[in-house]
Amino acid sequence: MSNAQSWIDRGLTHVAKTYGRYPLVAARGKGCWLTDIDGKKYLDFFAGVAVNNLGHCHPEVVAALQDQAGKLLHCSNFFHIPQQIELAGMLCEHSFGDRVFFCNSGAEANEAALKLARKYSLDNHGHDRFEIITAKNSFHGRTIATISATDQEKISTGFGPLVPGFKYVPFGDLEAVKTTIGPQTCAIMLEPIQGEGGINIPPAGYLQAVRELCDQNGLLLIFDEVQVGLGRTGKLFAYQHDGVEPDVMTLAKALAAGPPIGAMVAREKYAAALGAGTHGSTFGGNPLLAAAGVAAMNVYLNGDILENSVAMGNYLRAQLEQLQTKYSFIAQVRGQGLMVGMELTIEGGGIVKTALDRGLLINCTAGKVLRFVPPLIVTDEEIDHMIEILDRIFKEL
Ligand SMILES: *Cc1c(COP(=O)(O)O)cnc(C)c1O
69 MSNAQSWIDR GLTHVAKTYG RYPLVAARGK GCWLTDIDGK KYLDFFAGVA VNNLGHCHPE
129 VVAALQDQAG KLLHCSNFFH IPQQIELAGM LCEHSFGDRV FFCNSGAEAN EAALKLARKY
189 SLDNHGHDRF EIITAKNSFH GRTIATISAT DQEKISTGFG PLVPGFKYVP FGDLEAVKTT
249 IGPQTCAIML EPIQGEGGIN IPPAGYLQAV RELCDQNGLL LIFDEVQVGL GRTGKLFAYQ
309 HDGVEPDVMT LAKALAAGPP IGAMVAREKY AAALGAGTHG STFGGNPLLA AAGVAAMNVY
369 LNGDILENSV AMGNYLRAQL EQLQTKYSFI AQVRGQGLMV GMELTIEGGG IVKTALDRGL
429 LINCTAGKVL RFVPPLIVTD EEIDHMIEIL DRIFKEL
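Throughout the sequence shown, residue numbering follows the numbering used here, covering 69 to 465 in sequence.
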């Protein structure tokens with residue numbers, strides 16, 4: 069039995085069955101390449117679902133972790149944590165935000181945002197304003213509140229009763245937002261570009277118009293930047309493309325470029341609603357993870373990562389559009405920066421499996437959308453290599 073198969077069998081015995089896993093047993097990663105336990109190399113255009121934005125094991129993140137690991141791994145939020153303070157300062161200096169709450173995942177960051185919206189609304193408008201408008205096909209995480217915050221049945225079926233107080237609108241439909249805002253509405257929460265929903269980009273002007281509706285009606289605007297944030301779309305944060313600032317933004321995935329950390333960034337006016345004792349997280353912003361976050365942020369801010377995301381994003385989309393001219397089952401190529409989707413007229417799951425066999429990691433979301441979210445350090449040679457593999461797979465279909 070191969071080394072890989074024995075791990076797979078052991079995993080089937082004791083690990084929760086919550087994921088349909090591909091037969092790859094991960095061992096090492098470097099840059100845009102993942103190596104399995106048997107030494108086979110894969111070009112990684114999945115990047116841990118848009119987590120490894122700096123590639124696998126970025127040397128500065130690894131060095132920060134190694135250094136911090138020898139000094140202090142964990143310390144309670146009952147005390148002051150310099151690495152956390154530094155990371156909060158960096159996030160605020162480079163965004164609309166004034167204050168940061170740290171947690172450990174995207175779902176938790178969104179939980180914090182939902183609690184903030186309700187608490188602010190209670191403090192300022194009384195008991196009858198608690199409703200939050202979210203978009204259909206959105207994805208905000210897997211906790212009870214965050215599965216309640218999307219209307220996707222495949223995510224929420226079996227876990228009811230869900231958390232009340234959410235209203236859903238089709239993503240990109242401004243009229244629907246207008247007609248859904250009511251006396252009980254306190255906030256609107258959106259992904260600037262929907263990730264899991266299929267790399268859905270809203271019509272031009274939509275986010276600005278939602279911002280205006282929020283201002284007119286005294287609503288908080290929450291952007292879930294868990295997937296689109298940290299250079300993925302070519303700017304540090306996706307909201308910066310549209311010149312529209314949210315009141316609250318959630319981050320996680322690529323914030324420390326690998327280690328688990330989440331953050332909710334908010335304007336002071338709203339952040340003030342969460343005073344001492346109102347919310348918390350044992351590990352949130354602990355020294356080890358915050359040190360990795362600081363190291364990752366330094367790379368996002370000081371290198372040519374954002375420029376590369378723009379240039380390689382343009383190159384990748386151009387190459388995928390070339391493929392589109394050759395294959396009639398490619399319906400559309402869309403995206404921003406290195407957040408790229410290719411919508412097919414056929415199911416994409418089989419293509420993902422074949423790609424894995426051929427040494428390429430891609431993903432399919434929303435059934436028919438191939439998703440390309442490589443590390444932001446990807447090169448044009450790596451994109452060419454990916455396109456060659458994909459072209460050969462398409463030819464055989
Ligand atoms: C991945 C994701 C989440 C959930 O993040 P977890 O860390 O898995 O809890 C939330 N929102 C968006 C947009 C995401 O892509």
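C-beta: ideal position from N, C-alpha, C; glycine also.
As the structure is a computational prediction, the values presented were derived from the model and not from experiment.
Helix, strand or coil for residue i per DSSP?
i: THR346; result: coil
i: ILE149; result: coil
i: PHE47; result: No answer is possible for residue 47: it lies beyond the span of the chain, which begins at 69 and ends at 465.
i: LYS139; result: coil
i: LYS85; result: coil
i: ARG186; result: helix
i: THR433; result: strand
i: CYS125; result: coil
i: LEU428; result: strand
i: ASP292; result: strand
i: ALA340; result: coil
i: ARG470; result: No information on residue 470 is available, as it lies outside the stretch 69 to 465 that the chain covers here.
i: ARG385; result: helix
i: HIS195; result: coil
i: ILE419; result: helix
i: ASN285; result: helix
i: TYR395; result: coil
Taking a contact to mean a Cβ-Cβ separation below 8 Å, would you say residue i touches residue j in this structure?
i: GLY174; j: LYS321; result: yes
i: MET407; j: LEU111; result: no
i: CYS100; j: ILE461; result: no
i: PHE291; j: PRO260; result: yes
i: CYS282; j: LEU288; result: yes
i: GLY330; j: GLU176; result: yes
i: ASN205; j: GLY265; result: yes
i: MET317; j: SER163; result: yes
i: ILE213; j: VAL231; result: One point to set straight first is that residue 213 is Ala, not Ile, in the sequence displayed. Yes; because the gap between Cβ atoms is below 8 Å, this pair is in contact.
i: LEU374; j: GLY299; result: yes
i: PRO443; j: LEU122; result: yes
With which residues is residue i paired in a DSSP beta bridge?
i: MET454; result: According to DSSP, MET454 bridges with nothing at all.
i: ALA94; result: ASP104
i: PHE234; result: ILE200
i: MET410; result: VAL401, LEU438
i: ASN268; result: GLN262
i: LEU111; result: TRP101, LEU428
i: MET332; result: PHE169, THR318
i: THR447; result: None; THR447 has no bridge partner.
i: MET257; result: THR202, ILE290
CB of residue i to nearest heavy atom of ligand 1: below 7 Å?
i: GLN392; result: no
i: VAL316; result: no
i: ALA434; result: no
i: ARG210; result: yes
i: ALA175; result: yes
i: ASP196; result: no
i: GLN220; result: no
i: GLY263; result: yes
i: ASN268; result: no
i: PHE239; result: no
i: GLN295; result: yes
i: GLU259; result: yes
i: VAL333; result: no
i: ASN178; result: yes
What whole-angstrom Cβ distance do residue i and residue j have, given they're in contact under 8 Å?
i: GLY209; j: ALA334; result: 18 Å between Cβ atoms; not a contact.
i: VAL119; j: GLY326; result: 6 Å
i: CYS432; j: LEU438; result: 6 Å
i: ILE201; j: THR253; result: 6 Å
i: GLN151; j: ALA358; result: 4 Å
i: VAL129; j: ALA434; result: Going by Cβ atoms, the distance from VAL129 to ALA434 rounds to 31 Å, so no, they are not a contact pair.
i: THR422; j: PHE397; result: In fact, because the Cβ distance is near 14 Å, the residues do not count as touching under 8 Å.
i: SER349; j: CYS171; result: 5 Å
i: GLY409; j: ILE267; result: 3 Å
i: GLU199; j: GLY233; result: 5 Å
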